[in-house]
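When the letters of the sequence shown are read in order and numbered with the working numbering, they come out as residues 9 to 156.
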Amino acid sequence: MTHRFEPVIIGFLCNWCSYTGADLAGVSRLQYPPSLRPIRVMCTGMVHPDLVMAAFSGGADGVLVLGCHPGACHYIEGNIKASARADVISVILRDIGIDPGRFEIKWISSAEASVFARFITDFTKRIIKLGPQQVKPGKGLIQGRTDI
Ligand code: FES
């Protein structure tokens with residue numbers, strides 16, 4: 009008997025935009041895979057890279073940071089900060105042997121339920137293609153860094 013790989017994707021979703029978009033997708037009964045484990049955050053700007061690494065070390069096969077479009081962040085430039093951190097996260101993932109394709113940051117508004125459903129479907133397909141994530145980054149891998 010072969011087991012079908014069902015990926016676990018941790019998503020840090022901004023309360024004001026993407027979390028509401030996800031909610032709307034649910035209310036609208038849009039179909040998307042059950043792979044996403046959403047974690048509501050007030051702003052993508054509060055998602056420190058250590059949280060992303062903790063998700064991977066905890067067994068996530070993929071990690072998403074989803075928030076408000078540029079110019080729409082409720083904390084002015086939280087998403088700009090998050091975007092800069094995403095670049096750093098991709099470099100670190102490559103360094104420690106995790107395919108950076110397992111991580112993505114994307115802007116999805118509260119009205120974009122169909123964008124949300126399509127994106128989760130596509131990202132899940134990508135992770136299925138990559139297979140289970142084997143590398144477990146150490147806890148606090150980048151603690152002590154003050155420049156990110
Ligand atoms: S409030 Fe949504 S990304 Fe900042």
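Note that beta-carbon positions come from the ideal geometry of N, C-alpha and C, so glycine has one too. Just so it is clear, the structure is predicted and the values come from calculations on it, not from any experiment.
Minimum C-alpha distance to residue i - residue among the options
| i | options | result |
| --- | --- | --- |
| Y83 | W24, H11, R12, G19 | W24 |
| R48 | P42, A62, S26, G66 | S26 |
| A125 | L74, N87, M54 | L74 |
| L88 | V16, W115, R37 | Before going further, note that residue 88 is Ile rather than Leu in the sequence given. It is W115 whose Cα lies nearest to the Cα of I88. |
| P78 | G70, S91, I128 | S91 |
| C76 | P108, I97, C51, F127 | C51 |
Sequence-distant residues of its chain with Cβ nearer than 6 Å to residue i (five each side left out)
| i | result |
| --- | --- |
| F196 | The structure shown does not extend to residue 196, since the chain is modelled only from 9 through 156, so no value can be given for it. |
| R45 | I18 |
| F20 | I47, V49, V55, V73 |
| T36 | A quick correction: the sequence has Ser, not Thr, at residue 36. Taken in chain order, the residues that qualify are A121. |
| S98 | P108 |
Opposing strand residues paired with residue i [DSSP bridges]
| i | result |
| --- | --- |
| C22 | V49 |
| G86 | Paired residue(s): none; G86 is not in a bridge. |
| V73 | F20, I113 |
| A44 | Per the sequence shown, residue 44 should be read as Leu rather than Ala. DSSP, once it has assigned bridges, lists I17 as partnering L44. |
For residue j and residue i, believed in contact at Cβ under 8 Å, the rounded distance
| i | j | result |
| --- | --- | --- |
| E112 | L138 | 12 Å between Cβ atoms; not a contact. |
| S117 | A80 | 7 Å |
| G70 | R110 | 5 Å |
Beta-carbon proximity list for residue i, same chain, < 8 Å, skipping 5 on both sides
| i | result |
| --- | --- |
| G105 | V143 |
| E85 | G53 |
Cβ neighbours of residue i in the same chain (closer than 7 Å, five flanking residues each side left out)
| i | result |
| --- | --- |
| E120 | G29 |
| V16 | S43, R45, G67, A68, D69 |
| F13 | I136, G139, P140 |
| T129 | Y40, P41 |
| H11 | none |
| R102 | P108 |
Report yes or no: do the region 31-40 and the region 52-63 share at least 3 C-beta pairs separated by less than 8 Å? Taking a contact to require three or more Cβ pairs closer than 8 Å, the region 31-40 and the region 52-63 do not qualify as touching.
Three or more C-beta pairs under 8 Å: does that hold for the region 123-135 against the region 36-43? As far as the Cβ criterion goes, the region 123-135 touches the region 36-43, which means the pair count is three or higher.
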